[in-house]
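Counting in our numbering, the sequence shown runs from 1 upward without gaps.
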Amino acid sequence: MDREQEELKSIGFWGIIKETCKIIYTWKKMFTKITLSFILPLSIILLAYPQLNDYISRKVDKTRGGKKTIYGFYGLLTLADIVFTLIIFLLPTSAIVYTIASIYTAKQFSFKTVLNVVPNVWKMLMVTIAVQFLIMLAYNCVALAVFIPLLLMINGYMIYILIILLVLYMMGFVYINIIWSLANVVTVLENLKGFVAMKKSKALLKGKVLVASALFVLIYLPLVSVQIAFDLILNFGSLGIVSKVGYGAICLLLTLVLILLGLVIQTIVYFVCKSFHGETIDKSYLANHLEAFMPGNVPALAERNVLFQLEQLNI
């Protein structure tokens with residue numbers, strides 16, 4: 001990322017995509033290693049979960065448990081999958097945020113460096129992802145409380161209300177997720193966690209919400225489509241084993257590429273938003289901050305966290 005801060009300020013939708021592709025191509029060896037080490041396991045989990053869920057559900061259906069037991073099991077299985085996937089998702093997030101920041105500051109680093117810092121970065125992100133999980137849980141519970149009664153008394157006019165509410169729900173879903181995506185970067189680069197990171201992320205997104213939302217949809221709509229296609233190919237297609245393996249490999253490759261693009265984009269959006277709001281990006285400070293993530297510098301990182309929090313509180 002060789003752009004100056006003033007240049008980043010004016011970057012829009014296509015500029016961010018261009019910058020993303022440029023960085024990945026320039027550092028293709030590094031991103032290939034990150035993809036194979038961190039994104040590949042995540043992609044396999046995302047594609048394999050529906051198949052595992054289907055297999056377990058067939059086993060459960062054969063038991064003598066009642067419907068409440070079955071629904072309870074499904075609920076716990078889904079909850080466990082969401083939590084596990086989110087935790088695994090933090091690994092490539094940690095690696096890519098650190099990598100992009102190192103590129104931006106022209107800091108010398110290697111893949112071994114990335115492997116060494118990921119555990120410390122990952123721990124910081126756990127608080128933010130826990131807050132995100134609680135927010136999304138509350139959001140979906142409220143949505144269910146609204147949608148279920150409407151579905152039970154649906155009629156000719158009610159369907160239009162449902163469509164409007166569904167559109168509003170999706171808009172809220174995208175907005176919460178782009179705040180969370182940016183909050184992950186804020187957590188790593190600004191020592192802010194949880195609700196504080198989410199608040200800072202929301203402030204940074206002002207003026208760039210439409211761009212960030214469009215980028216989110218550009219990545220995650222195809223990602224969901226690939227997962228659905230993979231499930232349909234395996235379970236409902238009349239293809240042979242060789243064809244299914246071939247299409248499965250294509251789906252896996254697409255998932256890898258989309259996740260990589262999404263993670264790089266969210267980090268670039270952070271730098272663009274910082275520049276857009278006129279917040280100075282001190283490269284030397286950021287480079288020193290990144291150095292603090294090295295295993296031998298964990299105490300220094302903790303001290304920097306405390307000092308930064310005190311500064312934020314104007315103490």
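Backbone N, C-alpha and C define an ideal beta-carbon position, used for all residues, glycine too.
So, at 6 angstroms on beta carbons, what are the nonlocal neighbours of residue i in its own chain, with the 5 sequence-adjacent residues on each side left out?
| i | result |
| --- | --- |
| residue 307 | Confidence is the limiting factor: at residue 307 the pLDDT is only 46, short of 50, which leaves the residue's position unreliable and the question unanswerable from this model. |
| residue 86 | 129 |
| residue 124 | 187 |
| residue 226 | 251, 254, 255 |
| residue 235 | none |
| residue 181 | 266 |
| residue 13 | 211, 214 |
In three-state DSSP terms, what is residue i?
| i | result |
| --- | --- |
| residue 281 | coil |
| residue 45 | helix |
| residue 157 | coil |
| residue 329 | An answer regarding residue 329 cannot be provided, because it is not within the stretch 1 to 315 covered by the chain. |
| residue 191 | coil |
| residue 109 | coil |
| residue 27 | coil |
| residue 208 | coil |
In the DSSP assignment, find the unbroken alpha helix (DSSP H) run with residue i in it and report its ends.
| i | result |
| --- | --- |
| residue 198 | 194-205 |
| residue 38 | Counting along the chain, residue 38 falls outside any alpha helix (DSSP H), and DSSP gives it neither H nor E. |
| residue 271 | 241-276 |
| residue 295 | Per DSSP, residue 295 belongs to no alpha helix (DSSP H) and is neither H nor E. |
| residue 11 | From DSSP, residue 11 is part of no alpha helix (DSSP H); its letter is neither H nor E. |
Assuming residue i and residue j form a contact by the criterion Cβ under 8 angstroms, report the distance between their Cβ atoms to the nearest whole angstrom.
| i | j | result |
| --- | --- | --- |
| residue 267 | residue 96 | 6 angstroms |
| residue 273 | residue 208 | 5 angstroms |
| residue 42 | residue 219 | In fact, because the Cβ distance is near 14 angstroms, the residues do not count as touching under 8 angstroms. |
| residue 215 | residue 16 | 6 angstroms |
| residue 104 | residue 271 | 6 angstroms |
| residue 92 | residue 263 | 6 angstroms |
| residue 179 | residue 158 | The pair is not a contact, with the Cβ atoms about 31 angstroms apart (cut-off 8 angstroms). |
| residue 320 | residue 139 | In the structure as shown, the chain begins at 1 and stops at 315. Residue 320 is therefore absent and cannot be evaluated. |
| residue 119 | residue 231 | Residue 119 to residue 231, Cβ: 33 angstroms. No contact. |
| residue 100 | residue 23 | 7 angstroms |
| residue 195 | residue 131 | 6 angstroms |
| residue 174 | residue 217 | 7 angstroms |
| residue 135 | residue 82 | Not a contact, Cβ separation roughly 13 angstroms. |
| residue 290 | residue 112 | Not confirmed; about 15 angstroms, so no contact. |
| residue 284 | residue 8 | In fact, because the Cβ distance is near 18 angstroms, the residues do not count as touching under 8 angstroms. |
Going by beta carbon distance, what residues of the same chain come within less than 8 angstroms of residue i, once the five residues before and after it are set aside?
| i | result |
| --- | --- |
| residue 200 | 183, 186, 190, 192 |
| residue 151 | 162 |
| residue 172 | 139 |
| residue 149 | none |
Taking 6 angstroms as the cut-off, does the CB of residue i come closer than this to any heavy atom belonging to the ligand COA?
| i | result |
| --- | --- |
| residue 141 | Absence of the ligand COA from the depicted structure is noted, as is the absence of any ligand whatsoever, leaving it without description. |
Please return the same chain residues whose Cβ sits closer than 7 angstroms to the Cβ of residue i, not counting the five positions on each side in sequence.
| i | result |
| --- | --- |
| residue 137 | none |
| residue 229 | 251 |
| residue 21 | none |
| residue 146 | 165 |
| residue 277 | 204 |
| residue 169 | 143 |
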